[in-house]
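Remarks on the structure that follows.
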Amino acid sequence: MRIPQFERYVKGLQMLGVLLIGMLLGAIIYNSIYHAQFEALVNLKSDLEVKLEQYESDIKSLTKFKNQHTVIKSVLPRIEEEAGQNNDRPKIDKVTEAELIKRIKADLSVFLGQSIYEIDTDAKLARRLLSNKIYTNVLGKDYSIDITTILVADNKLQVWVKVRLYARPPS
5 MRIPQFERYV
15 KGLQMLGVLL
25 IGMLLGAIIY
35 NSIYHAQFEA
45 LVNLKSDLEV
55 KLEQYESDIK
65 SLTKFKNQHT
75 VIKSVLPRIE
85 EEAGQNNDRP
95 KIDKVTEAEL
105 IKRIKADLSV
115 FLGQSIYEID
125 TDAKLARRLL
135 SNKIYTNVLG
145 KDYSIDITTI
155 LVADNKLQVW
165 VKVRLYARPP
175 S
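According to the numbering used here, the sequence shown is numbered sequentially starting from 5.
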């Protein structure tokens, strides 16, 4: 039996290797483009869910308080972005931000229907209640918030908060 000479197949094996590397690189590039588009789609979905929830609550509160012109009709919490990044102020993704806004809005929903002229005492109370409030298990992490500004304009209670990653004390 004769053993074939591999010198005849060197060019073919080289071409096969280039083809396999090209297929691998193409798959890597396609996968990275797919993941980038999927990430953009998830962010857009979470933004649209937040807007939809806000619009539904606005419609509900506006129909509930349509004859009362001096009451708070909606609550708009906003998370402040820090210019300088610290270790305790992480960059929050859109899904986490949407979940935090939903929880803050639920906590501040007691202000709906309150008179805008009597908000000063309630704002102090809210600031005391929500200063260093800890929201646990927000997509696997714990966050603490601080209210920095409360503003009532056009029957909307706007609240700016700072968010920090909460480190549990060792037990």
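We treat Cβ as the ideally placed atom computed from N, Cα and C, and that holds for glycine.
Residue-level contact to chain C via CB, Q118, 9 angstroms cutoff: As a matter of chain content, chain C is missing from the structure shown, which is built from one protein chain.
A130, buried or exposed, once every other Cβ within 10 Å from all chains shown has been counted against 16: For the purposes of this step, residue 130 is taken as the residue at position 126 of the sequence shown. Counting C-beta atoms within 10 angstroms of its own C-beta, A130 has 16 or more neighbours from the protein chains shown and is therefore classed as buried.
Straight-line Cα distance separating L29 from W164: Here residue 164 refers to the residue found at position 160 when the sequence shown is read from its first residue. Here residue 29 refers to the residue found at position 25 when the sequence shown is read from its first residue. Taking the straight line from one Cα to the other gives about 46 angstroms.
V54 beta carbon less than 9 angstroms from that of A102: As a working mapping, residue 102 is identified with position 98 in the sequence shown. As a working mapping, residue 54 is identified with position 50 in the sequence shown. V54 is positioned such that its CB atom lies closer than 9 angstroms to that of A102.
Rounded distance between the beta-carbons of S65 and K77, thought under 8 angstroms: Here residue 77 refers to the residue found at position 73 of the sequence shown. Here residue 65 refers to the residue found at position 61 of the sequence shown. Between S65 and K77 the Cβ distance is about 5 angstroms, and since that is below 8 angstroms, they are a contact.
Under 9 angstroms between C-beta atoms of Y147 and T74: Locating residue 147 in the sequence shown gives position 143, where the first residue counts as 1. Locating residue 74 in the sequence shown gives position 70, where the first residue counts as 1. Cβ atoms of Y147 and T74: not closer than 9 angstroms.
Span of the alpha helix (DSSP H), counted from its first residue to its last, around S61: Against the sequence shown, residue 61 aligns to sequence position 57. Note, S61: alpha helix (DSSP H), V14 to K68.
The segment 133-149 contacting the segment 164-173, beta-carbon criterion three pairs below 8 angstroms: The answer is yes - the segment 164-173 touches the segment 133-149, with three or more Cβ pairs under 8 angstroms.
Contact under 9 angstroms by Cβ, V151 with L134: Position 147 of the sequence shown, counted from the start, is the residue given in the question as residue 151. Position 130 of the sequence shown, counted from the start, is the residue given in the question as residue 134. The question names Val, but residue 151 is Ile in the sequence shown. Result yes, Cβ atoms of I151 and L134 sit closer than 9 angstroms.
Beta-bridge pairing of K98 - partner residues as DSSP gives them: What you label residue 98 is simply residue 94 of the sequence shown in a count that begins at 1. Beta bridge pairing from DSSP links K98 with no other residue.
Assigned secondary structure, D158 (DSSP; H/G/I helix, E/B strand, else coil): Counting from 1 along the sequence shown, the entry for residue 158 is found at position 154. Judged by DSSP in its simplified three-state form, D158 adopts coil rather than helix or strand.
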